[in-house]
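Down below is the structure, laid out as structure tokens.
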Amino acid sequence: MRTRTLSDGRVSLRVSELCLGTMYFGYRTPEAVAFDILDRFLDAGGNFLDTANCYGQWHGDAGESERVLGRWMKSRGVAGQMVVATKVGARTTVAGNPDARLWQGFGSRAILADADLSRRNLGVDRLDLYYAHIDDRDTLLEETVNAFAGLAERGTVGLLGASNTATWRIERARGLAQRRPSYSCVQQRYTYLPALQGPGEFDMISEELKDYAAAENLTLFAYSPLLGGAYCDPDKPLPAAYDHPTAQARLAALYEVAAQLDASANQVVLAWLLHEDRPVIPIPGVSSVAQLEETLAATELKLDDSQLARLAGAGVQC
Ligand SMILES: NC(=O)c1ccc[n+]([C@@H]2O[C@H](COP(=O)([O-])OP(=O)(O)OC[C@H]3O[C@@H](n4cnc5c(N)ncnc54)[C@H](OP(=O)(O)O)[C@@H]3O)[C@@H](O)[C@H]2O)c1
951 MRTRTLSDGR
961 VSLRVSELCL
971 GTMYFGYRTP
981 EAVAFDILDR
991 FLDAGGNFLD
1001 TANCYGQWHG
1011 DAGESERVLG
1021 RWMKSRGVAG
1031 QMVVATKVGA
1041 RTTVAGNPDA
1051 RLWQGFGSRA
1061 ILADADLSRR
1071 NLGVDRLDLY
1081 YAHIDDRDTL
1091 LEETVNAFAG
1101 LAERGTVGLL
1111 GASNTATWRI
1121 ERARGLAQRR
1131 PSYSCVQQRY
1141 TYLPALQGPG
1151 EFDMISEELK
1161 DYAAAENLTL
1171 FAYSPLLGGA
1181 YCDPDKPLPA
1191 AYDHPTAQAR
1201 LAALYEVAAQ
1211 LDASANQVVL
1221 AWLLHEDRPV
1231 IPIPGVSSVA
1241 QLEETLAATE
1251 LKLDDSQLAR
1261 LAGAGVQC
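Converting from the sequence shown to this note's numbering requires adding 950 to each position, the first position being numbered 1.
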């Protein structure tokens, strides 16, 4: 698998071009299956994993995905080889109740305490990439910026990132940080189909964010790139935000290119993300080794100019 370098000019991380999503590990994906998936990912050259301190809380056990990764890295002796991104801010403060109104947010105490908790869960000294999982507008941005910068300055974390956050808020946070460490990675929802965004929703990669990232040398990450399996599984309907008139033209182009390449629609979506002028790092989820094999094969897929033009030109952006 090809690799990419993430850097904020201070810390550099060499990562595989696919980042494996582990949101359901220890929850929908049993630990033994997760270990098989992780073994195969490592064997294929993958070293980059995405988790969060809250994953698992929807069945009452926040941090279970981190703990599964920690147990796997320890049992295989590979903690030094892997680059693990985790997130803070969306863990519930009331065990067993994941209601968003109870999430911890970004007071400095929560950030510092949970960085230590995530290090213990993962069994590592340093969190390689630490994201603000959400945009908490109830906490003074200065407090959040200072807490994250302090963690990076002390070496508790490597790089900093933001997720589900409006571009102007990322820019403001980076401005407040001045010369101190700040966000160099941005993780948003993104796939081949454009999504309709409702008022107050800032969780997508927009053209504005792409422009900002190019100008400021930020790395972009696409979460949920496979729409939970809806591209390939006839039993899974398109999520409502993607089910709009132009989606059909996009899907027709996707399936046409997939047929030309004898590939699956999932593979073409991932290859398309990796082919963009400034590639986005996809964070696909898989629940079996077979799904992982399909995902890994996407990194070998070549899209020629006419296929890229067909994909780019289908439908209109909305
Ligand atoms: N920053 C954030 O707020 C945020 C939010 C969501 C996710 N994430 C990250 O993004 C990662 C991926 O998210 P996601 O799970 O929503 O992503 P996704 O990649 O859109 O969907 C993954 C699901 O697609 C299905 N799938 C995969 N390969 C398939 C195949 N070959 N055939 C049929 N179905 C297939 C599987 O569903 P089945 O298990 O049903 O088979 C799998 O669990 C997460 O693990 C997490 O790390 C971040």
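Just so it is clear, CB atoms sit at the ideal spot from N, CA and C, and this is done for glycine as well.
Report the three-state DSSP secondary structure of Gly1235 (helix, strand or coil). For the purposes of this step, residue 1235 is taken as residue 285 along the sequence shown, with counting starting at 1. It is a strand residue.
Host beta strand (DSSP E) of Lys1037 (start-end): Taking the sequence shown and counting its residues from 1, one reaches residue 1037 at position 87. In the DSSP annotation of this structure, the continuous segment of the beta strand (DSSP E) that includes Lys1037 starts and ends at 1033–1038.
If you measure from the CB of Cys1182, is any heavy atom of ligand 1 nearer than 7 Å? Locating residue 1182 in the sequence shown gives position 232, where the first residue counts as 1. At least one heavy atom of ligand 1 lies less than 7 Å from the C-beta of Cys1182.
For the alpha helix (DSSP H) holding Thr1094, just list the boundary residues, first then last. The residue given as residue 1094 occupies position 144 in the sequence shown. Run containing Thr1094: 1091–1103, per the alpha helix (DSSP H) assignment.
Any idea what DSSP makes of Cys1268, helix, strand or coil? Walking along the sequence shown from the start, residue 1268 turns up at place 318. Per-residue confidence for Cys1268 stands at a pLDDT of 46, beneath the threshold of 50, marking its modelled position as unreliable; the derived number appears in the next sentence. DSSP places Cys1268 in coil when its eight states are reduced to three.
Range of the contiguous alpha helix (DSSP H) that encloses Asp993: By one-based count along the sequence shown, residue 993 stands at place 43. Counting along the chain, the alpha helix (DSSP H) containing Asp993 begins and ends at 981–993.
For Gln1147, does the three-state DSSP call read helix, strand or coil? Position 197 of the sequence shown, counted from the start, is the residue given in the question as residue 1147. Three-state DSSP puts Gln1147 in coil, outside helix and strand.
Of all the options Gly1265, Asp1066, Glu1243, Glu1092, which has the alpha carbon lying nearest to the alpha carbon of Ser1214? For the purposes of this step, residue 1214 is identified with residue 264 of the sequence shown, where counting begins at 1. Among Gly1265, Asp1066, Glu1243, Glu1092, the Cα nearest to that of Ser1214 belongs to Glu1243.
Length of the line joining the Cα atoms of Leu956 and Leu999: By one-based count along the sequence shown, residue 956 stands at place 6. By one-based count along the sequence shown, residue 999 stands at place 49. So the alpha carbons of these two residues sit roughly 14 Å apart.
Could you say which of Tyr1081, Thr1042, Thr1036 lies nearest to Arg1069 if we only look at CA atoms? Your numbering for residue 1069 matches position 119 in the sequence shown. Selected option, being the one with the closest Cα: Thr1036.
When you compare each of Ser1015, Asp1227, Leu970 to Leu1246 by their alpha carbons, which one comes out closest? For the purposes of this step, residue 1246 is taken as the residue at position 296 of the sequence shown. Answer by Cα proximity: Leu970.
Going straight from the alpha carbon of Gln1007 to that of Val1038, what length do you get? As a working mapping, residue 1007 is identified with position 57 in the sequence shown. As a working mapping, residue 1038 is identified with position 88 in the sequence shown. Looking at the two C-alpha atoms, the distance is approximately 13 Å.
Only counting the same chain, and skipping five residues up and downstream in sequence, which positions put a Cβ closer than 6 Å to that of Glu1250? The residue given as residue 1250 occupies position 300 in the sequence shown. Excluding residues within five positions, none has a Cβ falling inside 6 Å.
Specify whether the stretch 1069–1082 and the stretch 1020–1030 touch according to this definition: at least 3 beta carbon pairs, one from each stretch, less than 8 Å apart. Using a Cβ-Cβ distance cut-off of 8 Å, the stretch 1069–1082 and the stretch 1020–1030 are in contact, since at least three pairs of beta carbons, one from each stretch, lie closer than that value.
Can Thr1001 be considered in contact with ligand 1, in the sense that its beta carbon sits closer than 7 Å to one or more heavy atoms? Taking the sequence shown and counting its residues from 1, one reaches residue 1001 at position 51. For ligand 1, at least one heavy atom lies less than 7 Å from the Cβ of Thr1001.
CA nearest to the CA of Thr972, picked from Val1034, Val1095, Ser1134: Taking the first residue of the sequence shown as 1, we reach residue 972 at position 22. The shortest C-alpha separation from Thr972 is found at Val1034.
Would you give the residue range spanned by the alpha helix (DSSP H) that Asp1066 belongs to? Taking the first residue of the sequence shown as position 1, residue 1066 is located at position 116. Run containing Asp1066: 1058–1072, per the alpha helix (DSSP H) assignment.
Distance between beta carbons of Pro1195 and Leu968, contact taken as under 8 Å: What you label residue 968 is simply residue 18 of the sequence shown in a count that begins at 1. What you label residue 1195 is simply residue 245 of the sequence shown in a count that begins at 1. About 31 Å; that fails the 8 Å criterion.
Cβ distance (whole Å) where Leu1170 is taken to contact Val1218 below 8 Å: In the sequence shown, residue 1170 corresponds to position 220, counting from 1. In the sequence shown, residue 1218 corresponds to position 268, counting from 1. Wrong, their Cβ atoms sit about 19 Å apart, outside the cutoff.
By Cβ distance below 8 Å, which residues in the same chain neighbour Tyr1173 in space, the five residues on each side in sequence not counted? Taking the sequence shown and counting its residues from 1, the one referred to as residue 1173 is at position 223. Within its own chain, the residues whose Cβ lies closer than 8 Å to the Cβ of Tyr1173, once the five positions on either side in sequence are excluded, are Gly971, Asp1000, Ser1113, Gln1137, Gln1138, Arg1139, Tyr1140, Ile1233, listed in chain order.
Could you spell out where the beta strand (DSSP E) holding Gly1178 opens and where it closes? The residue given as residue 1178 occupies position 228 in the sequence shown. Counting along the chain, Gly1178 falls outside any beta strand (DSSP E), and DSSP gives it neither H nor E.
Close Cβ partners of Gly1179 (< 6 Å) along its chain, the five nearest in sequence each way excluded: Against the sequence shown, residue 1179 aligns to sequence position 229. For Gly1179, the CB contacts under 6 Å within the same chain, skipping 5 residues up- and downstream, are Lys1186 in chain order.
Answer yes if the stretch 1148–1168 comes into contact with the stretch 1196–1212, meaning at least three C-beta pairs across the two stretches below 8 Å, and no otherwise. These segments do not touch.
Where does the unbroken beta strand (DSSP E) through Gly1111 begin, and where does it stop? Within the sequence shown, the letter at position 161 stands for residue 1111. Unbroken beta strand (DSSP E) run through Gly1111: 1107–1113.
The stretch 1094–1112 contacting the stretch 1122–1134, beta-carbon criterion three pairs below 8 Å: Two segments are said to touch when three or more pairs of C-beta atoms, one from each, lie closer than 8 Å; by this definition the stretch 1094–1112 touches the stretch 1122–1134.
Measuring CA to CA, which of Ala1060, Gly1105, Glu981 is closest to Met1023? Along the sequence shown, one-based indexing puts residue 1023 at 73. Among Ala1060, Gly1105, Glu981, the Cα nearest to that of Met1023 is on Glu981.
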